[in-house]
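Worksheet: one structure, shown below.
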Amino acid sequence: MKNFMKYLEVSKEVKEALENNKPVVALESTIISHGMPFPQNYETALKVEKVIREAGAIPATIAILDGKLKVGLSAEEIEFLGKEGSKIIKVSRRDLPYIVANKLNGATTVATTMIVAEMAGVKVFATGGIGGVHRGAETTMDISADLEELSNTNVAVICAGAKSILDLGLTLEYLETHGVPVLGYQTKKLPAFFTRESEFDLDYKIDTPKELADIITAKWEMGLNGGVVIANPIPVEYSMDYDEISKSIEEAVKEAEAKGIKGKESTPFLLAKIKEITKGKSLEANIQLVYNNAKLASEIAGNMK
Numbered sequence: 031m032k033n034f035m036k037y038l039e040v041s042k043e044v045k046e047a048l049e050n051n052k053p054v055v056a057l058e059s060t061i062i063s064h065g066m067p068f069p070q071n072y073e074t075a076l077k078v079e080k081v082i083r084e085a086g087a088i089p090a091t092i093a094i095l096d097g098k099l100k101v102g103l104s105a106e107e108i109e110f111l112g113k114e115g116s117k118i119i120k121v122s123r124r125d126l127p128y129i130v131a132n133k134l135n136g137a138t139t140v141a142t143t144m145i146v147a148e149m150a151g152v153k154v155f156a157t158g159g160i161g162g163v164h165r166g167a168e169t170t171m172d173i174s175a176d177l178e179e180l181s182n183t184n185v186a187v188i189c190a191g192a193k194s195i196l197d198l199g200l201t202l203e204y205l206e207t208h209g210v211p212v213l214g215y216q217t218k219k220l221p222a223f224f225t226r227e228s229e230f231d232l233d234y235k236i237d238t239p240k241e242l243a244d245i246i247t248a249k250w251e252m253g254l255n256g257g258v259v260i261a262n263p264i265p266v267e268y269s270m271d272y273d274e275i276s277k278s279i280e281e282a283v284k285e286a287e288a289k290g291i292k293g294k295e296s297t298p299f300l301l302a303k304i305k306e307i308t309k310g311k312s313l314e315a316n317i318q319l320v321y322n323n324a325k326l327a328s329e330i331a332g333n334m335k
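Going by this note's numbering, the first residue of the sequence shown is number 31, and it counts up by one from there.
Quick look at the structure:
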């Protein structure tokens, strides 16, 4: 029997918004603790929340603090995560029981943010990019828990596609097999995180936030469990050159392989290495695409029935 309420702590602001059917947008915390250095991570997290408020929704940043599943963090709590950085444990589904039972602090990945958001009743979640099938997964079986969560948990995830360090083709195949719709917002091409397009086509191009909200609502009203991926391309002015970023990724992947870096450590390593190779351009692109996703997520949440 589920008895998660004793572990869940929803902020007063988020609770009131949910009770009054106001739009709420969930945000992850791994991007704060593991995504960039302090104080840039703290400033970016506050700016994302500001973008959501300006778009008419309430932000609900999610993390685990002293074993509590927190939905809606204070500025002080966000600052704590930012200052502690990589000392904060990166928590996916498998880690949740250990972290909660031992009253530890944890930063939520896409998968864990979805789990906690659903517990709280938050249906829309904005992030940078989802995890996926890693390159070489046919021999390593390295597949992000994000994909399994998307097949089971009723939360819509607005992202700039899957992280381009992944095998995008196999990631799309996995999502299709598990019945997860991947909807392109004003695009028929799968965005590749740092760039607006990849070589992979999407089945559906959706032109307005209301249409997206209607599709999400119809899915769950029909009892079709699982998430929805809304692929929202990075704004044109921040999109990186496809060949440049592809070359940087190849270089970073080779170094990770040489150093034996795998599992949950691979994504932070690869993103940090790409930032180094691109002289910081990839990090600026990452920040801007998160702002863009937060705005769209707010508009979708505002149109949910």
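For each residue, glycine too, the CB sits at the ideal point set by N, CA and C.
What residues match up with Y215 in a beta bridge as DSSP calls it?
-> Numbered from its first residue, the sequence shown carries residue 215 at position 185. Its beta-bridge partners are I236.
Helix, strand or coil at T157 [DSSP, three-state] | In the sequence shown, counting from the first residue as 1, residue 157 sits at position 127. Reduced to three states, the DSSP call for T157 is coil.
Limits of the unbroken alpha helix (DSSP H) element including E39 | Here residue 39 refers to the residue found at position 9 of the sequence shown. First-last for E39: 38-40, but that is the beta strand (DSSP E), not the alpha helix (DSSP H).
Through-space distance from T60 to L117, alpha-carbon basis = Indexing the sequence shown from 1 puts residue 117 at position 87. Indexing the sequence shown from 1 puts residue 60 at position 30. Here the sequence assigns Lys to residue 117, which means Leu is not the residue at that position. Cα to Cα, the separation comes out at about 11 Å.
Cβ neighbours of K193 in the same chain (closer than 6 Å, five flanking residues each side left out) = Along the sequence shown, one-based indexing puts residue 193 at 163. Taken in chain order, the residues that qualify are G159, F223.
Closest by CA to F155, which one among A243, G253, S312, N33?
-> Taking the first residue of the sequence shown as 1, we reach residue 155 at position 125. Selected option, being the one with the closest Cα: A243.
For the candidate residues Q216, S228, S278, whose alpha-carbon lies nearest to that of T201?
-> Counting from one through the sequence shown, the residue named residue 201 turns up at place 171. If we check each option's Cα against that of T201, S228 comes out closest.
Mind checking which residues open and close the alpha helix (DSSP H) that includes G332?
-> On the sequence shown, residue 332 is found 302 positions in, with the first residue counted as 1. Run containing G332: 311-332, per the alpha helix (DSSP H) assignment.
Using DSSP with H/G/I as helix, E/B as strand and the rest coil, what is A90?
-> Within the sequence shown, numbered from 1, the residue matching residue 90 stands at position 60. In this structure, A90 counts as strand in the three-state DSSP scheme.
Between the CA atoms of I291 and D172 - distance to the nearest angstrom | Taking the first residue of the sequence shown as 1, we reach residue 172 at position 142. Taking the first residue of the sequence shown as 1, we reach residue 291 at position 261. Whole-angstrom Cα-Cα distance: 12 Å.
Alpha carbon to alpha carbon, how far is A131 from V121?
-> On the sequence shown, residue 131 is found 101 positions in, with the first residue counted as 1. On the sequence shown, residue 121 is found 91 positions in, with the first residue counted as 1. In a straight line, the C-alpha of A131 is about 13 Å away from that of V121.
Throw me the rounded Cβ distance for the A137 and H64 pair, which I believe falls under 8 Å.
-> Position 107 of the sequence shown, counted from the start, is the residue given in the question as residue 137. Position 34 of the sequence shown, counted from the start, is the residue given in the question as residue 64. The Cβ separation is near 6 Å, so the contact holds.
Please work out which residues of its chain come closer than 6 Å, Cβ to Cβ, to L205, disregarding the five sequence neighbours upstream and downstream, and give them in chain order.
-> Taking the first residue of the sequence shown as 1, we reach residue 205 at position 175. Closer than 6 Å at Cβ, skipping near neighbours: V212.
Rounded straight-line distance, which links the Cα of E285 to that of R424 = With the chain covering only 31 through 335, there is no way to say anything about residue 424.
Rounded to a whole number of angstroms, what is the C-alpha to C-alpha distance between H164 and M334?
-> Numbered from its first residue, the sequence shown carries residue 164 at position 134. Numbered from its first residue, the sequence shown carries residue 334 at position 304. When rounded, the distance between both Cα atoms is 33 Å.
Given a cut-off of 8 Å, decide if L313 and A261 are closer than it, judged by their beta-carbon atoms.
-> The residue given as residue 261 occupies position 231 in the sequence shown. The residue given as residue 313 occupies position 283 in the sequence shown. No.
How should E287 be labelled, buried or exposed, when 16 other C-beta atoms within 10 angstroms of its C-beta is the threshold for buried?
-> Locating residue 287 in the sequence shown gives position 257, counting from the first residue. With fewer than 16 Cβ atoms within 10 Å of its Cβ, E287 is classed as exposed.
Could you check which residue in P53, P127, D233 has the C-alpha nearest to that of N33?
-> As a first step, residue 33 is located in the sequence shown; it is residue number 3 there, counting from the start. Out of P53, P127, D233, P127 has the C-alpha closest to the C-alpha of N33.
Tell me whether A85 sits in a helix, a strand or coil according to DSSP, three-state version.
-> As a working note, residue 85 is residue 55 in the sequence shown. Three-state DSSP puts A85 in coil, outside helix and strand.
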